[in-house]
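Peer 1: For the sequence shown, my numbering begins at 1402 and goes up steadily by one.
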Amino acid sequence: MNSAKQTWGKMKNSKNIKELLVNTPWIVIEWLAAIPALIFIFAEIRNLFDLLFFYDYLYDYFYDMKKYTYIAGAIIYIVYFSKRMVDKDNKRAEKNNTMIFFSLFALGMLLSTFVNGFTKYALHGIVYHSEDIWVYMSYPLIYYFSCSLIQNQTIKKVICYSFLFNSFLVAIFSLISHYQQINGMKLILNYSEQTDHDLVGFFRNTNHYAYYLVICILLSCILFLLEQGIIIRIFLFLNYTINIYVLILNDTLGGYLACVVGLAVLILVPGIFNQRWNRLSIFMVLVFLIETFISSFFYDTVMSSLINLFYDLKNISENNEDADHAGSGRFKLWKYTIKYIFQKPFLGWGNEGVAEKLTKNCNMSRTHNEFLEYIAFFGIPAGCAYIAGCCSAFWKGIKKSAKWGRYTLAALFAAFGYFTSSFVGVSMYYTAPLFFIFLGLGTDSGIEE
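(1) Answer with yes or no whether the minimum CB distance from residue 1478 to chain C is below 7 Å.
(2) With 16 other CB atoms within 10 Å as the buried threshold, where does residue 1555 fall?
(3) Please determine if the region 1466 to 1477 and the region 1500 to 1513 are in contact, where contact requires at least 3 C-beta pairs separated by less than 8 Å.
(4) Leaving out the 5 sequence neighbours to the left and right, which residues in its chain are closer than 6 Å to residue 1498 when beta-carbon positions are compared?
(5) Please say whether residue 1656 and residue 1687 have beta carbons closer to each other than 7 Å?
(6) For residue 1423, I'd like the list of residues in its chain whose CB is within less than 6 Å of its CB, leaving aside the five on either flank, ordered along the chain.
(7) Given a threshold of 16 other Cβ atoms within 10 Å of its Cβ, counted over all protein chains shown, does residue 1427 qualify as buried or as exposed?
(8) Output the residue ranges of the beta strand (DSSP E) runs that lie fully inside the region 1603 to 1678 and measure 3 residues or longer, sorted by chain position.
(9) From the DSSP output, in three-state form, read off residue 1530 for me.
(10) Going by CA-CA distance only, name the one from 1639, 1626, 1449 and 1630 that's closest to residue 1664.
(11) Identify, in the order they occur along the chain, each residue of the same chain with its Cβ nearer than 7 Å to the Cβ of residue 1571, setting aside the five sequence neighbours on each side.
(12) Nearest to residue 1526 by CA position, among 1739, 1734, 1841 and 1757, is which residue?
(13) In whole angstroms, what is the alpha-carbon distance linking residue 1535 and residue 1543?
(14) Flag this pair as yes or no: are the beta carbons of residue 1798 and residue 1777 separated by less than 7 Å?
(15) With a threshold of 7 Å on Cβ separation, who are the neighbours of residue 1502 within its own chain once the five nearest residues in sequence on each side are excluded?
(16) Where do the N-terminal and C-terminal ends of the alpha helix (DSSP H) with residue 1581 fall, by residue?
(17) Report the option in 1829, 1643 and 1764 whose CA atom is closest to the CA atom of residue 1608.
(18) Please report how far the alpha carbon of residue 1465 lies from the alpha carbon of residue 1471, in whole angstroms.
(19) Nearest-angstrom Cα distance between residue 1634 and residue 1611?
(20) What's the C-alpha gap between residue 1518 and residue 1735?
(21) Smallest Cα separation from residue 1606: which of 1529, 1738 and 1752?
(22) What separation, rounded to the nearest whole angstrom, lies between the Cα atoms of residue 1455 and residue 1590?
(23) For residue 1869, which residues in the same chain have their Cβ closer than 6 Å to its Cβ, ignoring the five residues on either side in sequence?
(24) Under the assumption that residue 1548 contacts residue 1841 (Cβ atoms under 8 Å), give the Cβ distance between them as a whole number of angstroms.
(25) Which complete alpha helix (DSSP H) runs does the region 1728 to 1796 hold, if anything under 4 residues is left out?
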């Protein structure tokens, strides 16, 4: 406390901006860097609050909050680089290779837009997706960059648990609404539209909620294994099991398989816990499998989807007339998207540039594969820069995990889950930032705070 007062006193008595920057400790700048992530999570909390008490889910605060994110991002850049300049500090940038790749990714977006034009899609996106070129660029340049500056484990803890406590409430209220709808009761969440008893949380689609659930489940799992306090571990285990149940009822196969891959990595990559076979991690995997097995007796959800997946793979291998329907029509989308990529390989078609073509041929405007989506929009070089950035972060995580703090490791693991699900997913303004937030938190320069 005395140290904090002394620091504040020195900052307050600074005679000019340069002296203020010198007297400002890095921990203050890291708290500043947490603002975009906290703004985003606050918007999630506000959306849930409104669904409970006021509005329907067609109105959300992500639209309103993004201007504050842009302002916060600009301030972070100014303060960060000014602080580095006066401190002559290069340590904080020299090991963040991921940001180099993501900067090239953002540059590719700009070049593609200049070449293809600042069209209505570039400036406003499609209403349903609400991703204009500036929203896309904010993912790596604001959400990832700002969170990658955070090295203090306490700040990472605040962001992780803000997200997890909200995810717990979303799961509880979604389940209540689900059973209320089944029984013809008034829903506790004021949805303007909901069909077939789908669990959508505060999202517009079950798939979108599944992306969110993957992050929540894997983050809860890893923190349960790494935390020490009994109370917080009870919460984490409850959050893990409840959200697995929600994911099963949500019946989104891509999200389910992403969790399977993530949990397989938990077992197969010994570097994560410095042990080849950690009994507690095996227990957590068994919990996931047991919940799936028991639920299959009561619900026709994930197990039947897995069976359909094998038929889809068979149809694709035989290239028969049913192959285009594989993956709920994704295979047909991918074929057409790859065709469009080869027509404009270097700078792509621009933001949402293939939407009308895909709608005409496939009755859907997005590719349902984020890697192909970025490549089709912004070109192969930009898409490769995105993939390289992600892979560089995960590779560093595998090599250095034994030296990293628990929240760094848990965040990286959660980001990996989203990355896996994105193979069959679409980016959305209210889910994609979570990937870049947790990937940023999963970046560690090794600098002690």
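All residues carry an ideal CB built from backbone N, CA and C; glycine is no exception.
Peer 2: For this structure:
(1) The question asks about chain C, but that chain is absent: this structure has only one protein chain.
(2) With fewer than 16 other Cβ atoms from the protein chains shown falling within 10 Å of its own Cβ, residue 1555 counts as exposed.
(3) The region 1466 to 1477 and the region 1500 to 1513 do not touch, with fewer than 3 CB-CB distances between them shorter than 8 Å.
(4) 1793.
(5) Not a contact, by the Cβ cut-off of 7 Å.
(6) Cβ neighbours of residue 1423 beyond the five flanking positions: 1487.
(7) With 16 or more other Cβ atoms from the protein chains shown falling within 10 Å of its own Cβ, residue 1427 counts as buried.
(8) Listed in chain order, nothing qualifies, since the region 1603 to 1678 has no complete beta strand (DSSP E) run of 3 or more residues.
(9) DSSP, read as helix, strand or coil, puts residue 1530 in coil.
(10) Looking at the Cα atoms, 1626 is the closest of the given residues.
(11) Here the set comprises 1449, 1602 and 1603.
(12) Closest by alpha carbon: 1757.
(13) Pairing residue 1535 with residue 1543, the inter-Cα distance amounts to about 11 Å.
(14) Between residue 1798 and residue 1777, the C-beta spacing is not below 7 Å.
(15) Closer than 7 Å at the Cβ level, and outside the excluded window around residue 1502, lie 1786, 1789, 1790 and 1793.
(16) Element bounds for residue 1581: 1554 to 1583.
(17) Minimum Cα-Cα distance from residue 1608 among the listed residues 1829, 1643 and 1764 corresponds to 1829.
(18) Going from the Cα of residue 1465 to the Cα of residue 1471 covers about 11 Å.
(19) Rounded to the nearest angstrom, the two C-alpha atoms are 23 Å apart.
(20) Rounded to the nearest whole angstrom, the C-alpha separation of residue 1518 and residue 1735 is 25 Å.
(21) The shortest Cα separation from residue 1606 among 1529, 1738 and 1752 belongs to 1529.
(22) When rounded, the distance between both Cα atoms is 9 Å.
(23) Residue coverage of the chain in this structure runs from 1402 to 1850, which leaves residue 1869 outside it and unanswerable.
(24) Yes, they are in contact, since the Cβ atoms of residue 1548 and residue 1841 sit about 3 Å apart, within 8 Å.
(25) Assignment of alpha helix (DSSP H) within the region 1728 to 1796, counting only whole runs of 4 or more residues, yields 1756 to 1763 and 1771 to 1779 in chain order.
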